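Protein chains: 4
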Amino acid sequence: MLDVETAPRSRMNKDLRREAILTEAIRALSEKGYHGFSINELARRCGLTTAGILHHFGSKQGLLIALLDMRDRLDQQAILPLLAPEDRRVPSTRDSCLTTLRAIMARNAEQPEIIRLYAILRTEAVVPDHPAFTFFRTREMAVLNVFRDMVSDLVPDPLSTARQILALIGGLEMQWLRESRIFDLVAEWDSAISKILPPPS
Amino acid sequence: MLDVETAPRSRMNKDLRREAILTEAIRALSEKGYHGFSINELARRCGLTTAGILHHFGSKQGLLIALLDMRDRLDQQAILPLLAPEDRRVPSTRDSCLTTLRAIMARNAEQPEIIRLYAILRTEAVVPDHPAFTFFRTREMAVLNVFRDMVSDLVPDPLSTARQILALIGGLEMQWLRESRIFDLVAEWDSAISKILPPPS
Amino acid sequence: MLDVETAPRSRMNKDLRREAILTEAIRALSEKGYHGFSINELARRCGLTTAGILHHFGSKQGLLIALLDMRDRLDQQAILPLLAPEDRRVPSTRDSCLTTLRAIMARNAEQPEIIRLYAILRTEAVVPDHPAFTFFRTREMAVLNVFRDMVSDLVPDPLSTARQILALIGGLEMQWLRESRIFDLVAEWDSAISKILPPPS
Amino acid sequence: MLDVETAPRSRMNKDLRREAILTEAIRALSEKGYHGFSINELARRCGLTTAGILHHFGSKQGLLIALLDMRDRLDQQAILPLLAPEDRRVPSTRDSCLTTLRAIMARNAEQPEIIRLYAILRTEAVVPDHPAFTFFRTREMAVLNVFRDMVSDLVPDPLSTARQILALIGGLEMQWLRESRIFDLVAEWDSAISKILPPPS
DNA sequence: TATGAATGAGCTTTCATTCAT
DNA sequence: TATGAATGAAAGCTCATTCAT
Chain S
17 MLDVETAPRS RMNKDLRREA ILTEAIRALS EKGYHGFSIN ELARRCGLTT AGILHHFGSK
77 QGLLIALLDM RDRLDQQAIL PLLAPEDRRV PSTRDSCLTT LRAIMARNAE QPEIIRLYAI
137 LRTEAVVPDH PAFTFFRTRE MAVLNVFRDM VSDLVPDPLS TARQILALIG GLEMQWLRES
197 RIFDLVAEWD SAISKILPPP S
Chain Y
17 MLDVETAPRS RMNKDLRREA ILTEAIRALS EKGYHGFSIN ELARRCGLTT AGILHHFGSK
77 QGLLIALLDM RDRLDQQAIL PLLAPEDRRV PSTRDSCLTT LRAIMARNAE QPEIIRLYAI
137 LRTEAVVPDH PAFTFFRTRE MAVLNVFRDM VSDLVPDPLS TARQILALIG GLEMQWLRES
197 RIFDLVAEWD SAISKILPPP S
Chain W
17 MLDVETAPRS RMNKDLRREA ILTEAIRALS EKGYHGFSIN ELARRCGLTT AGILHHFGSK
77 QGLLIALLDM RDRLDQQAIL PLLAPEDRRV PSTRDSCLTT LRAIMARNAE QPEIIRLYAI
137 LRTEAVVPDH PAFTFFRTRE MAVLNVFRDM VSDLVPDPLS TARQILALIG GLEMQWLRES
197 RIFDLVAEWD SAISKILPPP S
Chain U
17 MLDVETAPRS RMNKDLRREA ILTEAIRALS EKGYHGFSIN ELARRCGLTT AGILHHFGSK
77 QGLLIALLDM RDRLDQQAIL PLLAPEDRRV PSTRDSCLTT LRAIMARNAE QPEIIRLYAI
137 LRTEAVVPDH PAFTFFRTRE MAVLNVFRDM VSDLVPDPLS TARQILALIG GLEMQWLRES
197 RIFDLVAEWD SAISKILPPP S
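Chains as they are written, first to last, in my numbering: chain S, 17 to 217; chain Y, 17 to 217; chain W, 17 to 217; chain U, 17 to 217.
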């Protein structure tokens, strides 16, 4: 019997393999959402079997959880230093706010796939039995709190302002994606935030 | 044996039936998105067969199209009068802008399921082969245009302002859904729009 | 494209199809038991798709239930007349007992597959979460009651006698199956029952 | 990071481990039969990997064979002394028969799981391609022979009597299991055997 | 205006097994 | 003495769809 193109059954280091899978999973998930994507297709894209995927993550849901865990770690690593470069305290001057938020937007603008991933999961996850429901609920409350503290010395309504900032981030990113990124996301952000945090007269 | 316990076999008027199906479809779609929902389950929820659904809409995609058509008509009916009550021209004073936008938000706040429907479809539809891709692309460009014209006499950067308005609408609605509607969406809107369209000094 | 042996998609009457499936299911189940048999293979043996089977019975468990229902009806039809030919009252003379039991054994001897079906399901079903647990529990209690009433005028310990009769039926049938039916089941039965219900001296 | 929470990693003696696995296997097999049980689940219950199980027994079938071997040895050890306490010859008086059989039943009554194991395997194994087919065929012929010799001086039809004894053992045990062991198996046995081996008048 | 039978493709998951470590 | 990665096959089941009635 001819050995017709049986893949070399490449044996990989555990962490490497997991990471490779999760990277591909981001693409798949960001295209179809949790309900729409299939680990079958993911496996194909990764060059291994469905059973191979499940060997690493146990179940479709397990895969999602692992993915969110990883993203959380990465985001934490990237955002925390921004929030408090030297003394790790939440910033409070208008300038530091602007710098921080701008940095966040600039970073996001470089990974549109992640934006799309979060956009779709976050939206799916408003219904309570979605496996990422708690994740996004918790995360967005935390973000809201950080933003609120960040602007607490600058505006009379810190929570509402925090909501507006969060809304604008998500909303502008969405438009940016829909319009195939033809406009300058960071420039648009600057325009927006300047109205929410107006310069001291 | 007599056919005693067959369901009422509601032989319905065609249009009524279609509408009933679409109403149920909104719930299903808003929970799982286009990829995640199934016409099988929809049929069950409607009390008819999968083939019955298909009889009316031809295919899953046909159902979505029909649904978007219907929503478009309804939205048009509701929004157009708001935009130009007496002379159907786009308004331009700050007050009329605020009134219009407030009315939109107030209306949305009364139909959270529709909000969720649009939120999820809009997000799924950023990828070009989604059946609602064109719909949302077109619609959001149109909305952006309307908003831009609406504020063209009030701000120096009408398109950016339009973007910010659109972003805030979507973003605040999303927070509102995620937090189980515990805050006052319209009040939050008033706070937000007052920063985007500041009162003349 | 060549139409390579696509089966004619034979469209059958509902009840006929169900019966055909159930008949095949008996063979499959009697060979492997509920856990061991697969509706996949059953479908193949029936010349239709797995989905086709499930269209009729909903699930593997549904199929088993339907099968047991059918068997119950058939057995009732066959056994009841035996138990009380003319007046439908439970018999009580030794002769009528012997006649009845002999008829049961003779009937069983003609359908070894059914014997094997019951043997395996009955055994699997001693564990409470088996889908046929209740069925066999109920059925055997009923049978025990019938036997007990049947012999109540003939022996001092009717329930124990009933147990012995039931045990002998099942046990001898099992030996008969294992030994490829090389001995005469009915003759062996006669020998056995004559010790349990000895002739009046 | 220190490898803090790794399980005790019980590096076990080979024979001990095999025995431990087989003990768990009895539970699993007695619940689902050979076709229904899975070495995956067995592994989980044993606290080791599927590959771990396979390391010891080679294959699922190998495991079953090993299990039957072990049981055979244990049963032999327990039953042989009963059959011929002092001179290892088959007993022949009615009293010694009764004693022996009673001892067997008493022993069985103490290990219901084993009863269930044999019940299900024995039943599955009537079909010739079952891996335990030969085992049970051989074993039951042997048992039948022993019983026949045992009663050869007491009854006119020793083989039939042997069949009846074997049938009653299995049948009463089955009822006992199904009825959650609420009746006294040994007492019921005494009643049954007294009819098969009636006291000399 | 719908249903009912049936399908092909796909889903998530489990299974027994192999092989290198 | 075991594990860990990986697989091919199969499991039960759901999906969207077709077609005759």
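Beta carbons are placed, not taken as given, at the ideal position from N, Cα and C, and that holds for glycine.
From a predicted model like this one, the values you see are computed outputs, not experimental measurements.
Inset, instruction - Would you kindly work out how many angstroms separate the C-alpha atoms of Gly186 (chain U) and Ile37 (chain S), rounded to a whole number? - result: As a first step, residue 186 (chain U) must be located in the fourth sequence, where it is residue number 170. As a first step, residue 37 (chain S) must be located in the first sequence, where it is residue number 21. Whole-angstrom Cα-Cα distance: 54 Å.
Legend entry - For Ala23 (chain U), three-class secondary structure by DSSP: Taking the first residue of the fourth sequence as position 1, residue 23 (chain U) is located at position 7. Confidence at Ala23 (chain U) is low in this model, with a pLDDT of 46, below 50, so its placement is unreliable and the value that follows should be read with caution. Ala23 (chain U) falls in the coil class under three-state DSSP.
Inset, instruction - Name, please, each residue of chain U whose Cβ falls closer than 9 Å to the Cβ of Asp173 (chain W). - result: Here residue 173 (chain W) refers to the residue found at position 157 of the third sequence. Here the neighbours are Ser207.
Inset, instruction - Please list the partners that Thr150 (chain U) has in chain W, where partner means a Cβ-to-Cβ separation under 8 Å. - result: Position 134 of the fourth sequence holds residue 150 (chain U). Simply none; closest approach about 11 Å.
Inset, instruction - Could you pull the start and end residues of the alpha helix (DSSP H) that Gln127 (chain S) belongs to? - result: Along the first sequence, one-based indexing puts residue 127 (chain S) at 111. No alpha helix (DSSP H) contains Gln127 (chain S), which DSSP labels as neither H nor E.
Inset, instruction - Report all residues from its chain with a CB closer than 8 Å to the CB of Ala208 (chain W); omit the five preceding and five following residues, and keep chain order. - result: Counting from one through the third sequence, the residue named residue 208 (chain W) turns up at place 192. Within the same chain, Ala208 (chain W) has close Cβ partners Leu184 and Leu188.
Inset, instruction - Output yes or no for whether 8 Å exceeds the beta carbon distance between Ile212 (chain S) and Gln191 (chain S). - result: Counting from one through the first sequence, the residue named residue 212 (chain S) turns up at place 196. Counting from one through the first sequence, the residue named residue 191 (chain S) turns up at place 175. Going by C-beta atoms, Ile212 (chain S) is not nearer than 8 Å to Gln191 (chain S).
Legend entry - Segment limits, alpha helix (DSSP H) that includes Arg194 (chain U): Position 178 of the fourth sequence, counting from 1, holds the residue named residue 194 (chain U). Its alpha helix (DSSP H) spans residues Pro174 to Arg194.
Inset, instruction - Identify the continuous alpha helix (DSSP H) that holds His146 (chain S) and give its terminal residues. - result: If you number the first sequence from 1, residue 146 (chain S) lands on position 130. No alpha helix (DSSP H) contains His146 (chain S), which DSSP labels as neither H nor E.
Inset, instruction - Figure out for me which residue from Y:Leu58, Y:Ala44, Y:Arg43 and Y:Asn124 has the closest Cα to the Cα of Arg197 (chain Y). - result: On the second sequence, position 181 is the one that residue 197 (chain Y) refers to. When only C-alpha atoms are compared, the closest one is Y:Asn124.
Legend entry - Proximal residues of chain Y, C-beta to C-beta of Ala183 (chain S) below 8 Å: Counted from its first residue, the first sequence places residue 183 (chain S) at position 167. Simply Ala183, Leu184, Gly186, Gly187, Leu188, Met190, Gln191 and Ala208.
Legend entry - Interface partners of Arg153 (chain W) on chain U, CB under 9 Å: Walking along the third sequence from the start, residue 153 (chain W) turns up at place 137. Result: Arg194 and Glu195.
Inset, instruction - Compare the beta carbon distance of Ser46 (chain S) and Glu129 (chain S) with 8 Å and say whether it is the shorter of the two. - result: Here residue 46 (chain S) corresponds to residue number 30 of the first sequence, with the count starting at 1. Here residue 129 (chain S) corresponds to residue number 113 of the first sequence, with the count starting at 1. Contact flag set, yes.
Legend entry - alpha helix (DSSP H) segment containing Ile81 (chain W), residue limits: Translated into the one-based positions of the third sequence, residue 81 (chain W) becomes position 65. Judged by DSSP secondary structure, Ile81 (chain W) falls within the alpha helix (DSSP H) whose first and last residues are Lys76 to Leu99.
Inset, instruction - Just tell me which of Y:Phe152, Y:Thr150, Y:Ala41 and Y:Glu57 has its CA closest to the CA of Leu79 (chain Y). - result: Here residue 79 (chain Y) refers to the residue found at position 63 when the second sequence is read from its first residue. Considering only alpha carbons, the answer is Y:Ala41.
Legend entry - Beta-carbon neighbours of Lys76 (chain W), restricted to chain U and to distances below 8 Å: Taking the third sequence and counting its residues from 1, the one referred to as residue 76 (chain W) is at position 60. The contacting residues do not exist; Lys76 (chain W) stays about 12 Å from chain U at best.
Inset, instruction - Answer yes if the segment 111-123 of chain U comes into contact with the segment 132-147 of chain U, meaning at least three C-beta pairs across the two stretches below 8 Å, and no otherwise. - result: By the Cβ test, the segment 132-147 of chain U is not in contact with the segment 111-123 of chain U, since fewer than three Cβ pairs between them sit closer than 8 Å.
Inset, instruction - With DSSP as the reference, label Leu170 (chain U) as helix, strand or coil. - result: The sequence position of residue 170 (chain U) within the fourth sequence is 154, counting from 1. Residue state, collapsed to three classes: coil.
Legend entry - Listed by chain order, chain W residues near Ala44 (chain U) by CB distance under 8 Å: Mapped onto the fourth sequence, residue 44 (chain U) falls at position 28. Going along chain W, no residue has its Cβ under 8 Å from Ala44 (chain U), so there is no contact; the nearest lies around 11 Å.
Inset, instruction - Can you grab the Cα-Cα spacing for the pair Ser168 (chain Y) / Pro214 (chain S), in whole Å? - result: What you label residue 168 (chain Y) is simply residue 152 of the second sequence in a count that begins at 1. What you label residue 214 (chain S) is simply residue 198 of the first sequence in a count that begins at 1. One Cα belongs to Ser168 (chain Y), the other to Pro214 (chain S), and the distance between them is close to 21 Å.
Legend entry - DSSP three-state assignment for Ile120 (chain S), whether helix, strand or coil: The residue given as residue 120 (chain S) occupies position 104 in the first sequence. It is helical.
Legend entry - Members of the segment 107-137 of chain Y near chain S, C-beta cut-off 8 Å: Arg132, Ala135 and Ile136
Legend entry - Neighbour flag for Glu40 (chain U) against chain W, beta carbons, 8 Å: Taking the first residue of the fourth sequence as position 1, residue 40 (chain U) is located at position 24. Answer no: the Cβ-Cβ gap between Glu40 (chain U) and chain W never drops below 8 Å.
Legend entry - Simplified DSSP assignment, three categories, for Ile55 (chain W): Reading the third sequence from its first residue, position 39 is the one you call residue 55 (chain W). The three-state reading of DSSP puts Ile55 (chain W) in helix, counting H, G and I together.
Legend entry - Residue-level contact to chain U via CB, Val143 (chain W), 8 Å cutoff: Reading the third sequence from its first residue, position 127 is the one you call residue 143 (chain W). Chain U, which has a Cβ nearer than 8 Å to the Cβ of Val143 (chain W), makes this yes.
Inset, instruction - Just the C-alpha distance for Leu98 (chain Y) and Gln92 (chain Y), rounded to the nearest angstrom, thanks. - result: Taking the second sequence and counting its residues from 1, one reaches residue 98 (chain Y) at position 82. Taking the second sequence and counting its residues from 1, one reaches residue 92 (chain Y) at position 76. The straight-line gap from Cα to Cα measures roughly 10 Å.
Inset, instruction - Using alpha carbons as the reference points, say which of S:Val171, S:Ser217, S:Ile120 and S:Glu140 lies closest to Val202 (chain S). - result: Taking the first residue of the first sequence as position 1, residue 202 (chain S) is located at position 186. When each option's Cα is compared against that of Val202 (chain S), the closest is S:Ile120.
Inset, instruction - Go to Asp206 (chain S), then tell me how far its alpha helix (DSSP H) extends in each direction, as first and last residue. - result: Here residue 206 (chain S) corresponds to residue number 190 of the first sequence, with the count starting at 1. Segment Leu201 to Ile212, the alpha helix (DSSP H) holding Asp206 (chain S).
Inset, instruction - Round the Cβ separation of Ile136 (chain S) and Thr139 (chain Y) to the nearest angstrom and send it over; I've been treating them as touching at under 8 Å. - result: As a working note, residue 136 (chain S) is residue 120 in the first sequence. As a working note, residue 139 (chain Y) is residue 123 in the second sequence. Ile136 (chain S) to Thr139 (chain Y), Cβ: 5 Å. Contact.
Legend entry - Range covered by the alpha helix (DSSP H) that runs through Ile69 (chain W): The residue you call residue 69 (chain W) lines up with position 53 of the third sequence. Its alpha helix (DSSP H) spans residues Thr66 to Phe73.
Inset, instruction - Spell out whether any CB of chain U is found under 8 Å from the CB atom of Arg87 (chain W). - result: Within the third sequence, numbered from 1, the residue matching residue 87 (chain W) stands at position 71. Chain U contact via Cβ: absent.
Legend entry - Cβ-Cβ distance between Arg61 (chain Y) and Ala44 (chain Y) below 8 Å: Within the second sequence, the letter at position 45 stands for residue 61 (chain Y). Within the second sequence, the letter at position 28 stands for residue 44 (chain Y). Yes.
Inset, instruction - Return the CA-CA distance between Thr195 (chain W) and Arg153 (chain U), expressed in angstroms with no decimal places. - result: Reading the third sequence from its first residue, position 179 is the one you call residue 195 (chain W). Reading the fourth sequence from its first residue, position 137 is the one you call residue 153 (chain U). Before going further, note that residue 195 (chain W) is Glu rather than Thr in the sequence given. Taking the straight line joining both Cα atoms gives about 8 Å.
Inset, instruction - Alpha carbon to alpha carbon, how far is Ala141 (chain S) from His72 (chain S)? Give it in angstroms, no decimals. - result: Along the first sequence, one-based indexing puts residue 72 (chain S) at 56. Along the first sequence, one-based indexing puts residue 141 (chain S) at 125. If you take the alpha carbons of His72 (chain S) and Ala141 (chain S), they lie about 24 Å apart.
Inset, instruction - Within its chain, find whatever has a CB closer than 6 Å to the CB of Gly49 (chain U); leave out the 5 residues flanking it on each side and keep chain order. - result: Along the fourth sequence, read from residue 1 onward, the residue named residue 49 (chain U) stands at position 33. Ile136 and Glu140.
Legend entry - Alpha-carbon spacing of Glu35 (chain Y) relative to Asn56 (chain Y), whole angstroms: For this step, residue 35 (chain Y) is matched to residue 19 along the second sequence. For this step, residue 56 (chain Y) is matched to residue 40 along the second sequence. Computed Cα separation, rounded: 17 Å.
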